[in-house]
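In case it helps, my numbering puts the sequence shown at residues -7 to 714.
Inspection log for the structure reproduced underneath, given as structure tokens.
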Amino acid sequence: MRITALSRGVDAHTYTGGRRRERSAPFRTVSELLGQRWMEGAVPLGLAILLSLVVTVLTPVGAGDTPLILDETTEKGLLAVGLTIVLVGGGIDLSVGSVVGCASLGAMVASRVWHWPTALVMPAAVLAGAALGAVNGFLIARAGMRPFITTLVTLVGFGGAAAALQSAYSFRLGAAEPDLAWEFLGAGAVAGIPTGWFVFSVVLLVAHVGLTRTRWGWWIAAVGSDRRSARRNGIPVTRVVFGTYVLSGALAGTAGLLTAARLGRTDPDVGQGWELVALTAVVLGGVSLQGGRGSVLRATVGVVVVQVIQQATIATGAEGSAYTVILAAALLLFSVLDLKWGKYRQRTAEKLKIDPGRITLGPLLDVTEPGSVWTVNNRLTDASPIGLGKIEGAEDCAVDRDGTLYCGDRRGWVWRFHGPEDTEGEIFARTGGFPLGHVWDRERRLLVAVGGMGVYRVHPDGELELVANKVRRSPFSLLDDSGLRAVDDLDVAPDGSIYVSDFSTRTNAAEYMVELVESRPNGRVVRIDPDGSTDVVISHHLFPNGVCTAHDGQSILVASTGLCRVDRLWIAGPRQGRMEPVLENLPGHPDNMSRSSDGNYWLPFVSMRTPMSDLLGRYPAVRRRMTRELPLDSWVVPQLNVSCVMKFNDRGEVLDVLWDATLRNHPMVTAVKEHAGHLYLCGVSNNRVGRLALDASQVGGIDPSHVPGTPAPAGSAVVVGR
-7 MRITALSRGV DAHTYTGGRR RERSAPFRTV SELLGQRWME GAVPLGLAIL LSLVVTVLTP
53 VGAGDTPLIL DETTEKGLLA VGLTIVLVGG GIDLSVGSVV GCASLGAMVA SRVWHWPTAL
113 VMPAAVLAGA ALGAVNGFLI ARAGMRPFIT TLVTLVGFGG AAAALQSAYS FRLGAAEPDL
173 AWEFLGAGAV AGIPTGWFVF SVVLLVAHVG LTRTRWGWWI AAVGSDRRSA RRNGIPVTRV
233 VFGTYVLSGA LAGTAGLLTA ARLGRTDPDV GQGWELVALT AVVLGGVSLQ GGRGSVLRAT
293 VGVVVVQVIQ QATIATGAEG SAYTVILAAA LLLFSVLDLK WGKYRQRTAE KLKIDPGRIT
353 LGPLLDVTEP GSVWTVNNRL TDASPIGLGK IEGAEDCAVD RDGTLYCGDR RGWVWRFHGP
413 EDTEGEIFAR TGGFPLGHVW DRERRLLVAV GGMGVYRVHP DGELELVANK VRRSPFSLLD
473 DSGLRAVDDL DVAPDGSIYV SDFSTRTNAA EYMVELVESR PNGRVVRIDP DGSTDVVISH
533 HLFPNGVCTA HDGQSILVAS TGLCRVDRLW IAGPRQGRME PVLENLPGHP DNMSRSSDGN
593 YWLPFVSMRT PMSDLLGRYP AVRRRMTREL PLDSWVVPQL NVSCVMKFND RGEVLDVLWD
653 ATLRNHPMVT AVKEHAGHLY LCGVSNNRVG RLALDASQVG GIDPSHVPGT PAPAGSAVVV
713 GR
């Protein structure tokens, strides 16, 4: 599917009388910020950077110390990258310092004692580190041992191996013979960048892309988040865990190789205590000790902070033990912060997620007053049922020229009934979502707006074809609003474009109650061109929940459930792009609209306004507290169980209103379609579709299902049946 250039269309919030300051939702914005993945480590990382700035200001550390800090960052940063990968996978590796010692001493022994060529020593050091990591991986992933105890034991074991190498070969590790490869690795440069820095930069980039953009990285995060769930979803948990330790060991071996090349001498203390440095760095960088969350980029910043602190202790002449104490204190503090921040961040985000806005509607019309067009009656009561007990929540339907009925079902099915006498019906298609809007395109193919999935075309054999499921993301949106998740109604224009109402860019179709209570301009109307490209033609609309192409084919009508009104958007002609009201201050909340055969329009009400619902609309703080303290089924909302359908014309005049005062057969009507002198009544909470015979005076010669402005096929005249 191709998406056209960025477009937000008409700003409906202005056209429908909303004030600019009511568009913002400060509590919700905070919730969205807290919900971002980068916020997981934002506070720990921010405090770590602040700590390094304080240290820089209060100590003699300056710009002259940068090369030394970066050298240390390169080697210890490789450990931090490997440790981050292990932690994201739900493990921990305390042996990385000892692996560095083994790899460093092993590389020097192989080069100076065994006289291996440098081209062999370099990969051998990395492979030796990987082999030691494989020992950890086998014991933890294969043998099922606990990571902390296992790596603590191998920390001592690998450290002993390094000490044994030092003891056995210390007298034979004299001055090295000149070697260009070793000099390049220890003091050379690539494009002006020191070799060690360059190697670390490449590793950092590859690790970042691997963790965030590849299946392997997603597997690691999934295993670290919930190992049991990952296994049930087919992820090879054992192999993934084993691989993280092998990779950590390989990076530690690389760090040991770079250390040996840079120092050019043997040192029994190489690698000792580096595991504490690496662990402190990743925690300072916001990597979670609980697994599933972390970033190698943030871990690298943590390494820089740790090295700044180390350089500060050296510059101030403090004892080496002071540095260890500082690292231990920082590790303890930020470990507690990681635990508390992760806990309260999610809790706060959930509390602030729903941020109701202020809605002020006009005077409430009294529909119980006798003698008006709105007077309650029982004209819908006798509608005969179709699919009784078969259907579960048909939001909308479509009827072809042969009288075959197609309707949705909350289970994701599209039913087909061959005429009103067909009581069994058949499942015509399975969408996998919630079929909401149904309409015929110019070629008489069925289009369905599927909640949570987008717009689909259903072929005669029941096969689905995706028409569109996304638009271009808004440039300043914290949440990804590109998906068409809450599409609820659609209609076709003369040029073949499809206009779709998407009632929310934040919630899914099943969460319409949240949208009704919040009353924020989260909705939009999207145009899908015949080539599959999409444009937002109306933005910042409050619960747009119905689209109907006007009889003239030059405009579309858009129903706002939240604002109890219907507006017209001109899509062709001299007024193209303008939006104007048609119906305002309705006594109920409108839903899917459709054309009538006499040149007018049918409009049902999904709910009716009440004095209490109008009052709550003016007090968003009360609704906010209601959503926090009461379960969803106890929220105070407009009266949902109603059965009301109205007819209006292009001038906004209410021509007729049909009710079922008994609420016996059709307690909720969310869509109305006219065909052959009958009304078909759909309801998202009903277990049937109603069929009501119309009076002959209400039936005209127009085929309501035909796309306006296109040639009518021969023999398409409406046949009024009884």
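C-beta atoms are modelled at their ideal positions from N, C-alpha and C, and glycine is treated no differently.
Measuring straight from C-alpha to C-alpha, what distance separates Ile694 and Ser589? Looking up residue 694 in the sequence shown gives position 702. Looking up residue 589 in the sequence shown gives position 597. The alpha-carbon atoms of Ile694 and Ser589 are separated by roughly 4 Å.
How is Tyr611 classed by DSSP in three states: helix, strand or coil? Within the sequence shown, numbered from 1, the residue matching residue 611 stands at position 619. Looking at Tyr611 - three-state DSSP - the assignment turns out to be coil, as it is neither helix nor strand.
Enumerate in chain order the residues of its own chain whose CB-to-CB distance from Thr308 is below 6 Å, with the five nearest sequence positions on each side excluded. Locating residue 308 in the sequence shown gives position 316, counting from the first residue. Annotation for Thr308: Thr51 place their beta carbon closer than 6 Å to its own, counting only its chain and skipping 5 residues before and after.
Residue ranges of each alpha helix (DSSP H) within the stretch 66 to 96, 4 or longer: none
By the three-class DSSP mapping on this structure, what secondary structure does Thr702 have? Taking the sequence shown and counting its residues from 1, one reaches residue 702 at position 710. Residue state, collapsed to three classes: coil.
Touching by the beta-carbon criterion (3+ pairs, under 8 Å), the stretch 11 to 30 and the stretch 544 to 552: Taking 8 Å as the limit for Cβ pairs, the verdict is that the stretch 544 to 552 does not touch the stretch 11 to 30.
So what's Gly38 in DSSP terms, helix, strand or just coil? In the sequence shown, residue 38 corresponds to position 46, counting from 1. The answer is helix: DSSP assigns Gly38 an H, G or I state.
Assess, as a yes-or-no matter, whether the stretch 482 to 499 is touched by the stretch 544 to 563 under the definition of 3 or more beta carbon pairs within less than 8 Å. Taking 8 Å as the limit for Cβ pairs, the verdict is that the stretch 482 to 499 does touch the stretch 544 to 563.
Excluding the five sequence neighbours on either side, which residues of its own chain have a C-beta within less than 6 Å of the C-beta of Ala253, listed in chain order? Start at 1 with the first residue of the sequence shown, and residue 253 comes out as number 261. Answer for Ala253: Trp174, Leu177 and Gly178, listed in chain order.
Could you name the residues of the same chain whose beta carbon sits closer than 6 Å to that of Ala120, not counting the 5 residues immediately before and after it, in chain order? Your numbering for residue 120 matches position 128 in the sequence shown. So the list reads Ala95, Gly98 and Gly245, once near-sequence residues are dropped.
Taking just the CA atoms, how far does Val463 sit from Ser193? What you label residue 193 is simply residue 201 of the sequence shown in a count that begins at 1. What you label residue 463 is simply residue 471 of the sequence shown in a count that begins at 1. Going from the Cα of Ser193 to the Cα of Val463 covers about 36 Å.
If you measure between the beta carbons of Asp63 and Gly188, is that distance less than 8 Å? Position 71 of the sequence shown, counted from the first residue, corresponds to residue 63. Position 196 of the sequence shown, counted from the first residue, corresponds to residue 188. With contacts defined by Cβ atoms closer than 8 Å, Asp63 and Gly188 form a contacting pair.
Going by DSSP, what residue range makes up the alpha helix (DSSP H) through Ile212? Along the sequence shown, read from residue 1 onward, the residue named residue 212 stands at position 220. Element bounds for Ile212: Arg207 to Ser217.
Please tell me whether Val539 and Arg560 are closer than 8 Å, where the distance is taken between their beta carbons. Residue 539 sits at position 547 when you count from the first residue of the sequence shown. Residue 560 sits at position 568 when you count from the first residue of the sequence shown. Their beta carbons are not under 8 Å apart, which means Val539 does not touch Arg560 by this criterion.
Sub-8 Å separation of Trp366 and Val649 beta-carbons: The count along the sequence shown starts at 1 and reaches residue 366 at position 374. The count along the sequence shown starts at 1 and reaches residue 649 at position 657. Against a cut-off of 8 Å, the Cβ pair of Val649 and Trp366 comes out as a contact.
With 16 other CB atoms within 10 Å as the buried threshold, where does Gly713 fall? Taking the first residue of the sequence shown as position 1, residue 713 is located at position 721. Below a pLDDT of 50, predicted positions are generally treated as unreliable, and Gly713, at 42, falls in that range; no measurement from the model is reported.
If you measure between the beta carbons of Val550 and Ile563, is that distance less than 8 Å? On the sequence shown, residue 550 is found 558 positions in, with the first residue counted as 1. On the sequence shown, residue 563 is found 571 positions in, with the first residue counted as 1. For Val550 and Ile563, no; Cβs fall outside 8 Å.
Should Tyr336 be labelled buried (16 or more other beta-carbon atoms within 10 Å of its own) or exposed? By one-based count along the sequence shown, residue 336 stands at place 344. That one is exposed.
Sub-8 Å separation of Gly283 and Arg512 beta-carbons: Position 291 of the sequence shown holds residue 283. Position 520 of the sequence shown holds residue 512. Contact: no.
Cα separation between Pro109 and Ala123? Locating residue 109 in the sequence shown gives position 117, where the first residue counts as 1. Locating residue 123 in the sequence shown gives position 131, where the first residue counts as 1. Straight-line Cα distance between these residues: approximately 21 Å.
Kindly give me the distance between the Cβ atoms of Gly404 and Thr373, rounded to whole angstroms, as I take these residues to be in contact under 8 Å. Locating residue 404 in the sequence shown gives position 412, where the first residue counts as 1. Locating residue 373 in the sequence shown gives position 381, where the first residue counts as 1. Incorrect: roughly 31 Å between the Cβ atoms, too far for contact.
Flag this pair as yes or no: are the beta carbons of Leu595 and Met638 separated by less than 8 Å? As a working mapping, residue 595 is identified with position 603 in the sequence shown. As a working mapping, residue 638 is identified with position 646 in the sequence shown. Yes, the Cβ-Cβ distance between Leu595 and Met638 is below 8 Å.
Just tell me which of Arg20, Glu576 and Phe597 has its CA closest to the CA of Pro582. Start at 1 with the first residue of the sequence shown, and residue 582 comes out as number 590. Just measuring C-alpha positions, the residue of Arg20, Glu576 and Phe597 sitting nearest Pro582 is Phe597.
Could you round the C-beta distance between Thr654 and Asn370 to whole angstroms and report it? I think they count as a contact, below 8 Å. By 1-based counting over the sequence shown, the position of residue 654 is 662. By 1-based counting over the sequence shown, the position of residue 370 is 378. Right, their Cβ atoms sit about 6 Å apart.
Local Cβ density within 10 Å of Trp266, reported as buried at 16 or more and exposed below that: Within the sequence shown, the letter at position 274 stands for residue 266. Trp266 comes out buried.
Note the first and the last residue of the continuous beta strand (DSSP E) segment covering Ala733. For residue 733 there is no data in the structure shown, the boundaries of the chain being -7 and 714.
Please identify the residue among Gln338, Ala183, Val80 and Ser599 whose C-alpha is closest to the C-alpha of Gly202. Position 210 of the sequence shown, counted from the first residue, corresponds to residue 202. Taking only the C-alpha atoms, the option nearest Gly202 is Val80.
Just to confirm before moving on: does the CB-CB distance between Val406 and Gly446 stay below 8 Å? For this step, residue 406 is matched to residue 414 along the sequence shown. For this step, residue 446 is matched to residue 454 along the sequence shown. Cβ atoms of Val406 and Gly446: not closer than 8 Å.
Leu323 versus Leu255: straight-line alpha-carbon distance, rounded: Taking the first residue of the sequence shown as position 1, residue 323 is located at position 331. Taking the first residue of the sequence shown as position 1, residue 255 is located at position 263. The straight-line gap from Cα to Cα measures roughly 28 Å.
Go through its chain and collect everything with a Cβ distance to Thr6's Cβ below 6 Å, but skip five positions before and after it. By 1-based counting over the sequence shown, the position of residue 6 is 14. When the five nearest sequence neighbours on each side are left out, no beta carbon in the same chain lies closer than 6 Å to the beta carbon of Thr6.
If you measure between the beta carbons of Tyr593 and Met600, is that distance less than 8 Å? Numbered from 1 along the sequence shown, position 601 holds the residue referred to as residue 593. Numbered from 1 along the sequence shown, position 608 holds the residue referred to as residue 600. The answer is no: Cβ separation not under 8 Å.
Counting pairs of beta carbons, one from the stretch 607 to 623 and one from the stretch 351 to 367, are three or more of them closer than 8 Å? yes
Going by DSSP, what residues sit across from Val195 in a beta bridge? Taking the first residue of the sequence shown as position 1, residue 195 is located at position 203. In the DSSP output, where bridge partners are listed per residue, Val195 has none listed.
Put Leu45 into one of helix, strand or coil per three-state DSSP. Within the sequence shown, the letter at position 53 stands for residue 45. Here Leu45 sits in helix by DSSP.
Can you look up His200 in the DSSP assignment and give me helix, strand or coil? The sequence position of residue 200 within the sequence shown is 208, counting from 1. Secondary structure of His200 (DSSP, three-state): helix.
What is the DSSP secondary structure of Pro18, counted as helix, strand or coil? By one-based count along the sequence shown, residue 18 stands at place 26. If DSSP states are grouped into helix, strand and coil, Pro18 belongs with the helices.
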